[in-house]
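Please read the structure below before turning to the comments.
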Amino acid sequence: MKNLFLIIIFIMTGCNSNKFLLKNTSRFTFEAFYKVTPAAIREGNSFALVTLEFANPDELRDIELLGIYFKEKYAVLKVKDSVNYQASIILPKDGERTDEKIPFEIQSNEIVISFKKSGKQQYELYKIKQKNYFETTPR
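Taking our numbering, the leading residue of the sequence shown gets 3, the next gets one more, and so forth.
The following block contains the structure:
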């Protein structure tokens, strides 16, 4: 009886864990980049503005983009226009640890996009590059 109970618990927790990460997919065609804005005051935090620029809005027709995991943080994606999405992430100060735990181990040049397709939440890993904050600033 005890073994049956353990098997049922194992099955329930295994089925409930839907946070599996899809890697090396090409579901979306987009450019992903981030810009870091330094803190305005010495004691303040910097923040990263993450931008996803999709090449084809038709790719997003049956998909609801939810958010991203980046630099050990989660942020909700906000629609900028039909093909551009952005998320802001407050970065910890140098040497400061964050208590926030994300369900994935990702590198500093990777993001995980969280989205829903057909009512099912999915996660995909992509590379991201850093752009200089002043590259797109008008002069």
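Here a beta-carbon is modelled for each residue, glycine too, at the ideal position from N, C-alpha and C.
Mind checking whether residue i and residue j have CB atoms under 8 angstroms apart?
{"i": "leucine 222", "j": "serine 28", "result": "Any question about residue 222 goes unanswered here, given that the chain covers just 3 to 141."}
{"i": "lysine 75", "j": "isoleucine 91", "result": "yes"}
{"i": "glutamine 109", "j": "phenylalanine 35", "result": "no"}
{"i": "leucine 127", "j": "leucine 54", "result": "no"}
{"i": "glutamine 32", "j": "alanine 50", "result": "According to the sequence shown, residue 32 is phenylalanine rather than glutamine. No. Outside cutoff."}
{"i": "phenylalanine 30", "j": "glutamate 61", "result": "yes"}
In the DSSP assignment, find the unbroken beta strand (DSSP E) run with residue i in it and report its ends.
{"i": "phenylalanine 56", "result": "49 to 56"}
{"i": "lysine 82", "result": "80 to 83"}
{"i": "glutamine 88", "result": "86 to 92"}
{"i": "leucine 62", "result": "Here leucine 62 belongs to no beta strand (DSSP E), and DSSP marks it neither H nor E."}
{"i": "lysine 119", "result": "112 to 119"}
{"i": "lysine 37", "result": "32 to 39"}
Could you give the C-beta distance for residue i and residue j, rounded to a whole number, given that I count them as a contact under 8 angstroms?
{"i": "serine 120", "j": "leucine 68", "result": "No, serine 120 and leucine 68 are not in contact; Cβ-Cβ is about 14 angstroms, not under 8 angstroms."}
{"i": "isoleucine 113", "j": "tyrosine 71", "result": "7 angstroms"}
{"i": "proline 105", "j": "serine 84", "result": "With a Cβ gap of about 30 angstroms, proline 105 and serine 84 do not count as contacting."}
Can you tell me which of the three DSSP states residue i falls into?
{"i": "glutamate 126", "result": "strand"}
{"i": "isoleucine 70", "result": "strand"}
Among the residues of its own chain, which have a CB less than 8 angstroms from the CB of residue i, if the five just before and after it don't count?
{"i": "asparagine 134", "result": "Lys37"}
Tell me which same chain residues have a C-beta within less than 6 angstroms of the C-beta of residue i, skipping the five on either side of it?
{"i": "alanine 89", "result": "Val52, Ile70, Ala77 and Leu79"}
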